[in-house]
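In our numbering, the protein residues as written are 3 to 141. This report concerns only the one structure given below.
Below, the structure written as structure tokens:
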């Protein structure tokens, strides 16, 4: 089966409890990947029931942070409310729905390394990753 991106939903909010709805066309057994970028003081969002925290981290300048989560879609996938616990600030997120991933190991590897090689200090470099299943989609 080919790997395809079904759709995306983006969120930009100052709410500490944003609700995110999957895009039209999301079906059972699709994989949902929620990515959040937020100010460090906002705090990592709590992991909602059924979701798995993939990874999180704080940028080298100690102000910005991010986290990503994933889950397999159920028969009727509704919206998810995310709960941030820190001070209210702007949170930005993207929900990416993918079809055709391996059902037992949808995430084979992940890599992040926040560095500041440019003038504004906002660059992110990715270390190498090794994947064992094909086809493979890198997000």
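Beta carbons: idealized from backbone N, C-alpha and C, even for Gly.
For the options 94, 83 and 82, the alpha carbon positioned closest to that of residue 68 is the one of 94. Taking a 10 Å sphere around the C-beta of residue 32, we find 16 or more other C-beta atoms and assign the residue as buried. The beta carbons of residue 47 and residue 38 sit about 6 Å from each other, so the pair counts as a contact at 8 Å.
Shown here for residue 84: same chain residues with a beta carbon closer than 6 Å to its own, the five before and five after excluded, namely 20 and 47 in chain order. Residue 91 holds the alpha-carbon nearest to the alpha-carbon of residue 66 among 49, 12, 91 and 34. DSSP, read as helix, strand or coil, puts residue 31 in coil.
Across the structure, residue 16 and residue 35 are spaced so that their CA atoms are roughly 21 Å apart.
Residue pairing by DSSP puts residue 66 in a beta bridge opposite 41. Annotation for residue 58: the continuous beta strand (DSSP E) segment containing it runs 54–60. Taking all protein chains in view, the Cβ of residue 26 is surrounded by fewer than 16 other Cβ atoms within 10 Å, so the residue is classified as exposed. At a Cβ-Cβ threshold of 7 Å, residue 6 and residue 102 count as neighbours.
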